[in-house]
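Working notes for the structure below.
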Amino acid sequence: MQYVTESGHTYHFDGWPPGQSPYECWARCDYLGCLHGAMLCYHLIGDGAQEAVADDGLLHELVHLASGMDICTHTPTGILGNRVRGLERRVEMMMEAARQLEKVTL
Numbered sequence: 031m032q033y034v035t036e037s038g039h040t041y042h043f044d045g046w047p048p049g050q051s052p053y054e055c056w057a058r059c060d061y062l063g064c065l066h067g068a069m070l071c072y073h074l075i076g077d078g079a080q081e082a083v084a085d086d087g088l089l090h091e092l093v094h095l096a097s098g099m100d101i102c103t104h105t106p107t108g109i110l111g112n113r114v115r116g117l118e119r120r121v122e123m124m125m126e127a128a129r130q131l132e133k134v135t136l
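Just so you know, we're using our numbering here: the sequence shown kicks off at 31 and counts up by one.
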């Protein structure tokens with residue numbers, strides 16, 4: 031799947047390398063890797079940015095974790111992990127839909 035950034039650069043994304051998905055990073059406490067992947071997810075999906083950066087939002091909390099700070103809100107880590115997995119699944123579904131559409135149009 032191709033996508034274009036605000037600056038006009040075109041990139042190709044076909045999924046994460048083994049062990050590098052946002053949820054896999056989350057599971058091994060690689061919060062910086064998780065943050066990086068989650069930001070790509072929000073970019074690809076194209077919505078949810080306001081919610082993600084809110085004080086108890088996923089990206090906001092991942093910045094806390096990646097920098098070594100304790101989480102400063104009332105969002106339990108289990109809920110954050112579920113948000114990471116849900117976000118990743120949305121991208122997976124979007125990519126599968128794009129693949130199916132590509133098959134139909136060929």
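Glycine included, every Cβ here is placed at the ideal spot set by N, Cα and C.
Treat the numbers as computed from the prediction; the structure is a model and nothing was measured.
Per DSSP, the bridge partner or partners of residue i
| i | result |
| --- | --- |
| His42 | Gln32 |
Chain-order list of residues whose beta-carbon lies under 8 Å from that of residue i (same chain, five-residue window excluded)
| i | result |
| --- | --- |
| Tyr20 | The first residue shown for the chain is 31 and the last is 136, placing residue 20 beyond what the model contains. |
| Ala57 | Gly111 |
| Asp100 | His94 |
Own chain residues within Cβ distance below 6 Å of residue i, not counting five before or after
| i | result |
| --- | --- |
| Leu95 | Tyr61 |
| Arg120 | Ile75 |
| Met31 | Phe43, Met125, Ala128 |
| Gly87 | Glu81 |
Contacting residues, own chain, Cβ-Cβ under 7 Å from residue i (five flanking each side not counted)
| i | result |
| --- | --- |
| Lys133 | none |
| Leu140 | It is not possible to answer for residue 140, since the shown part of the chain is limited to 31 through 136. |
9 Å Cβ cutoff met for residue i and residue j
| i | j | result |
| --- | --- | --- |
| Gly67 | Pro52 | yes |
| Leu110 | Leu92 | yes |
Nearest-angstrom beta carbon gap, residue j and residue i [assumed within contact, 8 Å]
| i | j | result |
| --- | --- | --- |
| Met125 | Gly45 | 7 Å |
Cβ neighbour criterion (16 or more within 10 Å) applied to residue i
| i | result |
| --- | --- |
| Leu131 | exposed |
| Val34 | exposed |
| Gly108 | exposed |
Check: residue i C-beta below 8 Å from any heavy atom of the ligand HEM
| i | result |
| --- | --- |
| Asp86 | Annotation note on the ligand HEM: not contained in the displayed structure, which lists no ligands. |
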